[in-house]
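Residue numbers (my numbering): 395 to 526. Glycine residues also receive a C-beta, built at the ideal position from the N, C-alpha and C atoms.
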């Protein structure tokens, strides 16, 4: 008989855990008020990565040493956002890694499109120069 008691006890524990897990997945982690919209966050992240690349290139080629922090702050100023908004948004999405991954997929796509546009313009300029 003790075996049945243990099985029933474990079944109750498993059912309780399953219900708790289901209930916890129903509760959403609300996005804090002082955060950026998804689209704005994508724009800002793309610009931050571009600014960081420029900073690294300037340093590598011995040009003036634009600091990463200055580049970061200039991007925030360009988008008229506060540093705390960026921090809050980054913290929010770091608790939602699947969504953060989707955002970075968008950032990469945006940067690839920018690169293609720049490459296309360079090719057009080369053709124009040869045609003259």
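How would you call residue 423, buried or exposed, if buried means at least 16 neighbouring beta carbons within 10 angstroms?
-> For the purposes of this step, residue 423 is identified with residue 29 of the chain shown, where counting begins at 1. By the neighbour-count rule (16 or more Cβ atoms within 10 Å), residue 423 is not buried but exposed.
Measure the beta-carbon distance from residue 438 to residue 480 and round it to whole angstroms, keeping in mind my assumption that it falls under 8 angstroms.
-> As a first step, residue 438 is located in the chain shown; it is residue number 44 there, counting from the start. As a first step, residue 480 is located in the chain shown; it is residue number 86 there, counting from the start. Correct: roughly 7 angstroms between the Cβ atoms.
Straight-line gap, residue 470 to residue 484 (C-alpha atoms, nearest Å) = Position 76 of the chain shown, counted from the first residue, corresponds to residue 470. Position 90 of the chain shown, counted from the first residue, corresponds to residue 484. Roughly 14 angstroms separates the two Cα atoms.
So, is residue 501 buried or exposed, given that buried needs 16 or more other C-beta atoms within 10 angstroms?
-> Translated into positions along the chain shown, residue 501 becomes position 107. The residue is buried, with at least 16 neighbouring Cβ atoms inside 10 Å.
Residue from 451, 475, 493, 468 whose Cα sits closest to the Cα of residue 430 | Locating residue 430 in the chain shown gives position 36, counting from the first residue. Minimum Cα distance to residue 430 is reached at 475.
Do the CB positions of residue 465 and residue 445 come within less than 8 angstroms of each other?
-> Position 71 of the chain shown, counting from 1, holds the residue named residue 465. Position 51 of the chain shown, counting from 1, holds the residue named residue 445. Going by C-beta atoms, residue 465 is nearer than 8 angstroms to residue 445.
Specify, as a first and last residue, the run of the alpha helix (DSSP H) that residue 443 falls within.
-> By one-based count along the chain shown, residue 443 stands at place 49. In this chain, the alpha helix (DSSP H) harbouring residue 443 covers 432-454.
Under the assumption that residue 432 contacts residue 497 (Cβ atoms under 8 angstroms), give the Cβ distance between them as a whole number of angstroms.
-> Here residue 432 is taken as the residue at index 38 of the chain shown, counted from 1. Here residue 497 is taken as the residue at index 103 of the chain shown, counted from 1. With a Cβ gap of about 7 angstroms, residue 432 and residue 497 count as contacting.
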